[in-house]
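So the sequence shown is numbered by my numbering: it starts at 39 and just counts up by one. C-beta atoms are modelled at their ideal positions from N, C-alpha and C, and glycine is treated no differently. Right, one structure below, let's go through it.
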Amino acid sequence: MTGTEQPWRSGAGCVIVRVRLTPKSSIESVDGVAQSAEGAALAARVRAVPAEGEANAAVEKLIARWLDVPKSTVRVTAGAKSRIKSLTISGETNCLEQRLKAKLSPN
Numbered sequence: 039m040t041g042t043e044q045p046w047r048s049g050a051g052c053v054i055v056r057v058r059l060t061p062k063s064s065i066e067s068v069d070g071v072a073q074s075a076e077g078a079a080l081a082a083r084v085r086a087v088p089a090e091g092e093a094n095a096a097v098e099k100l101i102a103r104w105l106d107v108p109k110s111t112v113r114v115t116a117g118a119k120s121r122i123k124s125l126t127i128s129g130e131t132n133c134l135e136q137r138l139k140a141k142l143s144p145n
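Have a look at this one:
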């Protein structure tokens with residue numbers, strides 16, 4: 039991962055990840071870290087439309103699959119109607135941070 043800012047922070051028994059979501063994409067993917075004026079965020083794309091919580095449910099499922107954690111541990115906790123979202127991933131903080139670092143490392 040390049041840069042000094044990471045798109046997550048530790049919480050009590052969780053990691054809170056900032057995600058910049060692109061709905062209505064042709065593919066579902068996590069494309070690394072995007073830097074913007076709002077700070078670092080995981081760049082994610084989902085096929086779902088941003089209506090009736092479909093894109094939020096899709097990003098929860100995508101991040102759970104990407105990190106290989108149960109879907110029930112991933113929840114959109116802020117930004118439900120925004121492109122920039124905060125997802126809370128429940129679990130052992132050090133383990134989750136290591137998974138995030140490994141997924142985002144260039145090697």
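Counting only runs of 4+ residues fully inside the segment 107-142, write out the alpha helix (DSSP H) ranges in chain order.
-> Correct list: 131-142.
Neighbour-count burial assignment, residue 103, 16 or more Cβ in a 10 Å radius | Within the sequence shown, residue 103 is the residue found at index 65, counting from 1. Counting Cβ neighbours within 10 Å, residue 103 comes out exposed, since fewer than 16 surround it.
For residue 49, collect the residues of the same chain with a Cβ closer than 6 Å to its Cβ; drop the 5 residues on either side in sequence, then sort them by chain order.
-> As a first step, residue 49 is located in the sequence shown; it is residue number 11 there, counting from the start. In its chain, beyond the 5 residues on either side, no residue has a beta carbon closer than 6 Å to the beta carbon of residue 49.
Segments assigned beta strand (DSSP E), at least 3 residues, entirely inside the segment 53-90 = The DSSP assignment places complete beta strand (DSSP E) segments of no fewer than 3 residues inside the segment 53-90 at 67-74 and 77-83, in order along the chain.
Inter-residue Cα distance where the pair is residue 122 and residue 57 = Residue mapping note: residue 122 aligns to position 84 of the sequence shown, counting from 1. Residue mapping note: residue 57 aligns to position 19 of the sequence shown, counting from 1. In this structure, the straight-line span from the alpha carbon of residue 122 to that of residue 57 is close to 6 Å.
Alpha carbon to alpha carbon, how far is residue 130 from residue 43?
-> For the purposes of this step, residue 130 is taken as the residue at position 92 of the sequence shown. For the purposes of this step, residue 43 is taken as the residue at position 5 of the sequence shown. One C-alpha to the other measures close to 21 Å.
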